[in-house]
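Everything on this sheet refers to the single structure shown next.
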Amino acid sequence: MVRKIKKGEVLTYKEVAKKAKNPLAWRAVGNILNKNKDPSVPCHRVVRSDKRVGGYNKGKKEKIKLLKKEGVKIKGERVFHI
DNA sequence: CGTATGACGTGCA
DNA sequence: GTGCACGCCATAC
Numbered sequence: 026m027v028r029k030i031k032k033g034e035v036l037t038y039k040e041v042a043k044k045a046k047n048p049l050a051w052r053a054v055g056n057i058l059n060k061n062k063d064p065s066v067p068c069h070r071v072v073r074s075d076k077r078v079g080g081y082n083k084g085k086k087e088k089i090k091l092l093k094k095e096g097v098k099i100k101g102e103r104v105f106h107i
């Protein structure tokens with residue numbers, strides 16, 4: 026599911042879980058992503074419902090940097106919802 | 001199979 | 001805005 030996120034897209038854990046199948050599994054989403062450090066999965070495009078970057082296996086800083094590079098506006102730890 | 005944990009979310013003070 | 005507690009699902013051991 027996360028793999029389907031295109032460049033510049035920013036979905037929340039809830040949205041991902043919802044599209045995945047279980048709208049209530051958003052908690053597991055982050056959990057799985059964390060352990061499954063798969064480069065094929067742009068997990069850095071998944072943010073919290075608060076629009077915060079959340080975390081990242083390589084560090085939230087890297088996550089923010091990647092997002093900004095892709096054209097996502099980020100204010101510190103905050104992400105501008107598109 | 002049961003327990004513990006987490007890149008979380010929501011509610012309340 | 002911040003901190004605390006509770007609840008939820010999937011995974012790991």
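With my numbering as the guide, the letters of the first sequence map in order to residues 26 to 107.
Where a beta carbon is used, it is the ideal one built from N, C-alpha and C, also for glycine.
Nothing here was measured: the structure is a model prediction, and the numbers come from that model.
Which residues DSSP lists as bridging residue 77, in chain order: Taking the first sequence and counting its residues from 1, one reaches residue 77 at position 52. The partner list for residue 77 (beta bridge, DSSP) reads 103.
Within the segment 27 to 88, ranges of the alpha helix (DSSP H) (whole runs, at least 4 residues): 38 to 45, 51 to 60
Cα-Cα separation, residue 43 to residue 76: Stepping through the first sequence from its first residue, residue 43 is reached at position 18. Stepping through the first sequence from its first residue, residue 76 is reached at position 51. Cα to Cα, residue 43 sits roughly 17 Å from residue 76.
Short Cβ contact (8 Å threshold) for residue 67 with residue 27: Mapped onto the first sequence, residue 67 falls at position 42. Mapped onto the first sequence, residue 27 falls at position 2. In this structure, residue 27 lies closer than 8 Å to residue 67 by Cβ.
Among 34, 79, 98, nearest to residue 56 - alpha-carbon criterion: Here residue 56 corresponds to residue number 31 of the first sequence, with the count starting at 1. That would be 79, whose Cα lies nearest to the Cα of residue 56.
Which of helix, strand or coil DSSP assigns to residue 98: Taking the first sequence and counting its residues from 1, one reaches residue 98 at position 73. In the structure shown, residue 98 sits in coil (DSSP, three-state: anything other than H, G, I, E or B).
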